[in-house]
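Student: Mind looking over this structure? Questions follow.
Protein chains: 2
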Amino acid sequence: MTPQTATLDAIFSALADPTRRAILAMLLEDDMAVTDVAAPFAVSLAAISKHLAVLAAAGLIRQERRGRIIWCKLEPDGLRNASVWMQGFGQFDPVDLDDFERFLADELAASAADLPEDQA
Amino acid sequence: MTPQTATLDAIFSALADPTRRAILAMLLEDDMAVTDVAAPFAVSLAAISKHLAVLAAAGLIRQERRGRIIWCKLEPDGLRNASVWMQGFGQFDPVDLDDFERFLADELAASAADLPEDQA
DNA sequence: TCCATATTCAACCCGCAAGTTAAGCAAAGC
DNA sequence: GCTTTGCTTAACTTGCGGGTTGAATATGGA
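The following block contains the structure:
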């Protein structure tokens with residue numbers, strides 16, 4: 712298996728998990744420390760730590776330590792390959808960013824029902 | 712979980728499997744019967760049948776019976792939601808279709824090494 | 001130096017996805 | 001009507017992903 716297909720495998724399976732998609736959506740707003748990423752979710756910190764490792768391995772985020780805090784930041788280019796792959800399958804209308812906002816709102820509401828409102 | 716997130720889960724996990732991506736790439740060329748879809752792969756027909764069921768459940772293909780043959784055809788709109796989701800994360804350059812062709816070629820070469828040349 | 005904070009590692013459990021083989025059906029053909 | 005062809009279902013095995021808890025590690029602060 713080429714590194715390229717390995718990457719596609721990694722990207723799509725990373726995106727397949729709703730918790731990880733919610734994390735990405737959160738990071739879209741701002742860089743965050745691991746603990747803060749974990750806060751809204753019902754699962755343990757260790758679980759979130761694993762999720763972040765998966766996202767990093769897929770090239771979707773980058774984690775960099777500053778002091779004792781590890782900052783997680785989105786790596787938007789990580790989606791490029793997957794985006795190229797997907798768009799090849801259809802001529803989609805240019806994406807309306809409002810569509811995207813709705814998506815994120817619905818997803819967060821659905822998959823992290825315990826989110827404090829200010830994060831939803 | 713809303714039907715919408717269920718769909719995103721289904722789509723991304725369907726795409727996470729290289730065999731299923733290869734199947735989609737094959738169907739991009741032409742509609743195919745289940746047996747013909749299965750032919751290039753090293754796994755059993757039953758396994759491919761399951762893969763096709765997964766793709767159908769994710770709305771990525773449609774299967775319709777004609778006589779005793781079940782034709783599989785791509786459902787390009789099935790990728791729309793996922794595409795909307797992904798593109799929200801970055802302003803990607805308009806996709807070069809040649810990129811896509813390279814992707815498919817590499818993927819087929821890598822994940823279905825036993826493909827006869829005329830299908831690769 | 002000692003303690004608290006931030007994060008990961010290790011070991012483990014559990015459920016599910018993907019594969020197998022064998023049997024079951026449904027439609028065509030002789 | 002019987003057999004062949006096309007495909008799915010059933011029952012089962014196995015591997016991996018996502019969760020847990022508890023210990024380990026690293027940094028900052030008092």
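Chains X and W, in that order, give the protein sequences.
With positions in the first sequence counted from 1, the corresponding number in the working numbering is that position plus 711.
With positions in the second sequence counted from 1, the corresponding number in the working numbering is that position plus 711.
For every residue, glycine included, the Cβ atom is placed at its ideal position computed from N, Cα and C.
Can you check the stretch 755-788 of chain X for any alpha helix (DSSP H) of at least 4 residues that lies completely inside it and give the ranges in chain order?
Tutor: Listed in chain order, they are 756-768.
Student: Could you check if X/I722 is buried or exposed, using at least 16 other CB atoms within 10 Å of its CB as the buried criterion?
Tutor: With 16 or more Cβ atoms within 10 Å of its Cβ, X/I722 is classed as buried.
Student: Could you check where the alpha helix (DSSP H) with X/P729 kicks off and where it finishes?
Tutor: Where X/P729 is concerned, the enclosing alpha helix (DSSP H) stretches over P729 to E740.
Student: Going by other Cβ atoms of all chains shown within 10 Å of its Cβ, with 16 needed for buried, is W/A756 buried or exposed?
Tutor: It should be noted that the sequence gives Leu, not Ala, for residue 756 of chain W. Its Cβ having fewer than 16 others within 10 Å, W/L756 is exposed.
Student: Closer than 6 Å by C-beta to X/Q774: which residues in its own chain qualify, once you throw out the five before and the five after it? Chain order, please.
Tutor: Result list for X/Q774: A767, I781 and C783, in chain order.
Student: Please confirm whether W/D720 has its beta-carbon closer than 8 Å to some beta-carbon of chain X.
Tutor: W/D720 counts as touching chain X.
Student: Please report whether the beta-carbon of W/S724 lies at a distance below 8 Å from any beta-carbon of chain X.
Tutor: Judged by the 8 Å Cβ criterion, W/S724 is in contact with chain X.
Student: Going along the chain, which residues of the stretch 786-798 of chain W sit with their C-beta nearer than 8 Å to a C-beta in chain X?
Tutor: Cβ contacts with chain X come from P787, D788, L790, R791, N792, A793, S794, V795, W796, M797 and Q798.
Student: Residues of chain W with CB closer than 8 Å to the CB of X/L735, please, in chain order.
Tutor: Correct list: F800.
Student: With a threshold of 8 Å, are at least 3 pairs of Cβ atoms found where one atom belongs to the stretch 726-746 of chain X and the other to the stretch 740-748 of chain W?
Tutor: Because the criterion of three Cβ pairs below 8 Å is not met, the stretch 726-746 of chain X and the stretch 740-748 of chain W do not touch.
Student: Following the continuous alpha helix (DSSP H) through X/A793, name the residue where it begins and the one where it ends.
Tutor: Segment R791 to Q798, the alpha helix (DSSP H) holding X/A793.
Student: Between the beta-carbon of W/A688 and the beta-carbon of W/G789, is there less than 8 Å?
Tutor: In the structure displayed, chain W extends from 712 to 831; residue 688 of chain W sits before or after that span and is not available.
Student: Identify which residue in X/I759, X/N792 and X/W796 has its Cα closest to the Cα of X/A733.
Tutor: Out of X/I759, X/N792 and X/W796, X/I759 has the C-alpha closest to the C-alpha of X/A733.
Student: Taking the alpha-carbon of W/A753 as reference, which of W/R779, W/S794, W/M797 and W/T730 has the nearest alpha-carbon?
Tutor: Cα-wise, what sits closest to W/A753 is W/T730.
Student: Keeping to the same chain, check which residues put their C-beta closer than 8 Å to that of X/W796; ignore five residues upstream and five downstream.
Tutor: Answer for X/W796: L719, listed in chain order.
Student: Can a CB atom of chain X be found closer than 8 Å to the CB of W/Q830?
Tutor: With a pLDDT of only 37 at W/Q830, under the threshold of 50, the placement of this residue in the model should not be trusted, and no figure is reported.
Student: Kindly indicate the opening and closing residues of the alpha helix (DSSP H) around X/A750.
Tutor: Here X/A750 belongs to no alpha helix (DSSP H), and DSSP marks it neither H nor E.
Student: X/E786 to W/A725, Cα distance in whole Å?
Tutor: Whole-angstrom Cα-Cα distance: 23 Å.
Student: Can a CB atom of chain X be found closer than 8 Å to the CB of W/P729?
Tutor: Yes, because at least one Cβ of chain X sits closer than 8 Å to the Cβ of W/P729.
Student: Tell me, please, whether the CB atom of X/L739 is closer than 8 Å to any CB atom in chain W?
Tutor: Yes, its Cβ sits closer than 8 Å to a Cβ of chain W.
Student: According to DSSP, is W/A721 part of a helix, a strand, or is it coil?
Tutor: The answer is helix: DSSP assigns W/A721 an H, G or I state.
Student: Check the Cβ-Cβ distances between W/R732 and every residue of chain X, and say whether any is below 8 Å.
Tutor: W/R732 counts as touching chain X.
Student: Quick one: is W/R791 buried, meaning 16 or more other Cβ sit within 10 Å of its Cβ, or exposed?
Tutor: By the 10 Å Cβ count, W/R791 comes out buried.
Student: Please determine, among X/D728, X/R777 and X/L763, the residue with the shortest C-alpha to C-alpha distance to X/L738.
Tutor: Measuring from the Cα of X/L738, the nearest candidate turns out to be X/L763.
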